[in-house]
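So the structure is just underneath, and the comments pick up after that.
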Amino acid sequence: IMKKLIIVLLLGVVLSFVPSSSIKYVRAEEPTEEPAPLEYVYQFADKYSVNAGVMIKIINCENAEWDPKLQSRIVKNGIREKSWGLVQIHLPSHPQITKAQATDPRFSIEFLANMLSKGKGKLWTCFSMV
3 IMKKLIIVLL
13 LGVVLSFVPS
23 SSIKYVRAEE
33 PTEEPAPLEY
43 VYQFADKYSV
53 NAGVMIKIIN
63 CENAEWDPKL
73 QSRIVKNGIR
83 EKSWGLVQIH
93 LPSHPQITKA
103 QATDPRFSIE
113 FLANMLSKGK
123 GKLWTCFSMV
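As structure tokens, this is what we get:
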């Protein structure tokens, strides 16, 4: 915290010497970043009328790092599983879903919420632990 305070103070001192006419302000018309995955959890929990807490527990269990690009670490019979993304979508079980979709936080979290709303939570091993 002390380092951050010193940096902020130094930045203030440096900026005090910059003529205000040389500072340009840019107004963002739209958010420049994607919402955080947790925002998607609440958005899709509401849309599909499912429990956001259950969704969070499943994601924490399936992908503790919340890494949207994570591939399963499970190896069966010497072959690495083909599950991807925040919610570890098993691609061989869902051939209609691409790897790009599985690793897209918005898509994968909506997929989880949709499946939970249809009573298909058992698609995730972690659902039984919730």
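Note that the numbering used here has the sequence shown beginning at 3, numbered continuously upward.
Backbone N, C-alpha and C fix where the C-beta goes; we use that ideal spot for every residue, glycine too.
Quick one: Cα of residue i to Cα of residue j, how far?
i, j, result
"W86", "L40", "18 Å"
"A47", "L118", "9 Å"
"V77", "V43", "28 Å"
"A2", "G80", "In this structure the chain extends from 3 to 132, so residue 2 is not present and cannot be described."
"L93", "F129", "18 Å"
"D106", "I61", "14 Å"
"T100", "G123", "20 Å"
"A49", "K59", "Looking at the sequence provided, one finds Lys at residue 49 rather than Ala. Approximately 18 Å, taken between the alpha carbons."
Which term fits residue i, buried or exposed, when burial requires 16 or more other beta carbons within 10 angstroms of its beta carbon?
i, result
"A91", "The sequence given here has Ile at residue 91, not Ala. The residue is buried, with at least 16 neighbouring Cβ atoms inside 10 Å."
"N65", "buried"
"S110", "buried"
"A115", "buried"
"D69", "exposed"
"M57", "buried"
Counting only the same chain and skipping the five closest in sequence on each side, list residues whose C-beta sits under 7 Å from that of residue i.
i, result
"F113", "V89 and I91"
"A54", "V43, Y44 and A47"
"V132", "V56, K59 and I60"
Between the Cα of residue i and the Cα atoms of the options, which residue gives the shortest distance?
i, options, result
"Y126", "P37, S95 and K71", "Correcting the residue identity first, residue 126 is Trp in this sequence and not Tyr. W126 has its Cα closest to that of S95, out of P37, S95 and K71."
"G121", "S51, S74 and P37", "S51"
"Q103", "K71, S130 and G123", "K71"
"E36", "G123, R108 and M131", "R108"
Could you have a look at residue i and say whether DSSP puts it in helix, strand or coil?
i, result
"K71", "coil"
"K59", "helix"
"I111", "helix"
"S51", "coil"
"K84", "coil"
Spatial neighbours of residue i within its chain, please: C-beta separation below 6 Å, excluding the five flanking residues on both sides.
i, result
"E83", "S74 and I76"
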